[in-house]
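Protein chains: 2
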Amino acid sequence: MRLVLGSASPARLAVLRAAGVDPLVRVSGVDEDAVAASLIDPAPAELVSTLAAAKAEAVVDALNGDVPDAVVVGCDSMLAMADGRVVGKPGSAEVARERWARMAGSTGELLTGHVVLRLAGGKVVGRAAGTQVTTVRFGRPSDRELRAYLDSGEPLAVAGGFTLDGLGGWFVEGIDGDPSSVIGISLPLTRRLLAEVDVSVVDLW
Amino acid sequence: MRLVLGSASPARLAVLRAAGVDPLVRVSGVDEDAVAASLIDPAPAELVSTLAAAKAEAVVDALNGDVPDAVVVGCDSMLAMADGRVVGKPGSAEVARERWARMAGSTGELLTGHVVLRLAGGKVVGRAAGTQVTTVRFGRPSDRELRAYLDSGEPLAVAGGFTLDGLGGWFVEGIDGDPSSVIGISLPLTRRLLAEVDVSVVDLW
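In order, the protein sequences belong to chains A and L. The working numbering puts the first residue of the first sequence at 230, with every later residue one more than the last. The working numbering puts the first residue of the second sequence at 230, with every later residue one more than the last.
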């Protein structure tokens, strides 16, 4: 039994590896903007669960039977900011700076949607899905600290424009929820979803 | 300015490295049992803060001026279990199994004491201390999962007999507090303590 991670995120891969699972990585190539645009005024949880499903399904299609017995995991993360906006990767230092101006000293909800598809003999024989919502309490980096953080480039390519597992860890005062979900894949939720499709996480260690 | 970590914990070192700081490591050699025994019925926070101070001070003594301009950080972690016991490393699979029998499905408080000593010209010119308390909600590993986790050896050498940053991450449903404090050194608290002795964390990146 092999876990196939449908994500290019190095953070998700690192979470799984630290937790004893060395997945195959298959990037889905899903057009996330197009999927998101197909939803009419989606709730944040609907958005991340739809994107997670699209990624997992695209990976199953691309595998085309190559790994007949496997579990394919798709994930998608977004930050619901205190002002109601739901945001992904900032992409530029400008956008990240503007977000941090609102996030500093505030809280947000980091949502990570998960879809697990179990393959047997190359066919999908089981499906489980769930979304973890974790509250993040942001610190207040000084102007100098924020400049150094943005200059590092780290926050530009991650959901919400912050990291818990890198330089950003200095600027997150705390969380209420599951830290691995904030990094990008919830270990306890994935364990429960695997159990729903009759796979024990121990079989993947 | 160099950060000196007074701890042999690979988890603390990994937290700092992931957060952009490559510390010097100096193991204090403090007799933790003797320090703990010198306290009369200590509250959990007093225990970890006293041990953190003893470690930081022992490292300053051992440095003996070798690193004249530095911040020395001592930490100590304990788990206050729901039944009132305050525990460190289980040391054996037997003890870890007995703890998990009580911890599973329950919560505990992971306390990490921190003491920061600033050295200038080899002398201590500043001191800051604080303790982070984080609530941990334990999952319920199956018998088979728990056996595999104990067999890995991972939980034996860590405070409370669980890890958040390894295989144990599958069995922690969530936390309320700072995840880095659970791993062994709180990044946001350390940032505040460094600021108290006039050091910005950015200067250590």
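Glycine is no exception: its CB is placed at the ideal position from the N, C-alpha and C atoms.
So, with DSSP's three-state summary, where would you put residue i?
i: glycine 359 of chain A; result: strand
i: aspartate 405 of chain A; result: strand
i: glycine 342 of chain L; result: strand
i: leucine 423 of chain A; result: helix
i: valine 324 of chain L; result: helix
i: leucine 418 of chain L; result: helix
i: arginine 369 of chain A; result: coil
i: valine 315 of chain A; result: strand
i: valine 411 of chain L; result: helix
i: alanine 349 of chain L; result: strand
i: leucine 393 of chain A; result: coil
i: valine 255 of chain L; result: One detail in the question is off: residue 255 of chain L reads as arginine in this sequence, not valine. Coil, per DSSP.
i: glycine 337 of chain A; result: strand
i: valine 233 of chain A; result: strand
i: valine 250 of chain A; result: coil
i: valine 387 of chain L; result: coil
i: valine 428 of chain L; result: coil
List, in order along the chain, the chain A residues whose C-beta lies closer than 7 angstroms to that of residue i?
i: tryptophan 329 of chain L; result: Result: empty, since nearest Cβ-Cβ is about 15 angstroms, beyond 7 angstroms.
i: glycine 368 of chain L; result: Pro417
i: alanine 377 of chain L; result: Val431 and Trp434
Residue i versus chain L: which residues are under 8 angstroms apart at the beta carbon?
i: alanine 285 of chain A; result: Residues of chain L passing the Cβ test: none, with the nearest at roughly 20 angstroms.
i: valine 430 of chain A; result: Glu374 and Trp399
i: leucine 396 of chain A; result: Ala248, Gly249 and Trp434
i: glycine 390 of chain A; result: By Cβ distance, chain L contributes nothing, its closest Cβ being about 17 angstroms from glycine 390 of chain A, past 8 angstroms.
i: glutamate 323 of chain A; result: Chain L residues near glutamate 323 of chain A: none, gap ~20 angstroms exceeds 8 angstroms.
i: glutamate 402 of chain A; result: Asp407 and Pro417
Which chain L residues are close to residue i, counting only those with a beta carbon under 7 angstroms from its beta carbon?
i: leucine 393 of chain A; result: Pro408
Cβ closer than 7 angstroms: which chain B residues qualify as neighbours of residue i?
i: alanine 311 of chain L; result: Absent here is chain B; the protein component of the structure consists of chains A and L.
Note down, one range per segment and in chain order, each beta strand (DSSP E) of at least 3 residues found wholly within the stretch 264 to 311 of chain L.
-> 299 to 310
Counting Cβ pairs, one atom from each stretch, are 3 or more of them under 8 angstroms apart for the stretch 311 to 327 of chain A and the stretch 366 to 379 of chain A?
-> yes
Residues within the stretch 341 to 360 of chain L neighbouring chain A, beta-carbon criterion of under 7 angstroms = none
Taking contact to mean at least 3 C-beta pairs separated by less than 8 angstroms, is the stretch 402 to 419 of chain A in contact with the stretch 399 to 416 of chain L?
-> Flag = yes, the stretch 402 to 419 of chain A and the stretch 399 to 416 of chain L touch.
Could you please tell me which residues of the stretch 408 to 427 of chain L, in chain order, have their CB closer than 7 angstroms to any CB of chain A?
-> Pro408, Ser409, Leu416, Pro417 and Arg420
Interfacial residues, the stretch 231 to 249 of chain A to chain L, with Cβ spacing under 7 angstroms | Those would be Ala247, Ala248 and Gly249, in chain order.
Between the stretch 324 to 339 of chain A and the stretch 382 to 393 of chain A, do at least 3 Cβ pairs fall closer than 8 angstroms?
-> The answer is yes - the stretch 382 to 393 of chain A touches the stretch 324 to 339 of chain A, with three or more Cβ pairs under 8 angstroms.
Pull out every residue of the stretch 254 to 285 of chain A whose Cβ sits closer than 8 angstroms to any Cβ of chain L, in chain order.
-> none
Meets three-Cβ-pair contact criterion under 8 angstroms: the stretch 261 to 281 of chain L and the stretch 289 to 299 of chain L = no
Cβ contact check for the stretch 334 to 346 of chain A and the stretch 305 to 321 of chain A: 3 or more pairs under 8 angstroms | Yes, the stretch 334 to 346 of chain A is in contact with the stretch 305 to 321 of chain A.
Any contact of the stretch 234 to 251 of chain A with the stretch 406 to 414 of chain A, i.e. 3+ C-beta pairs under 8 angstroms?
-> yes
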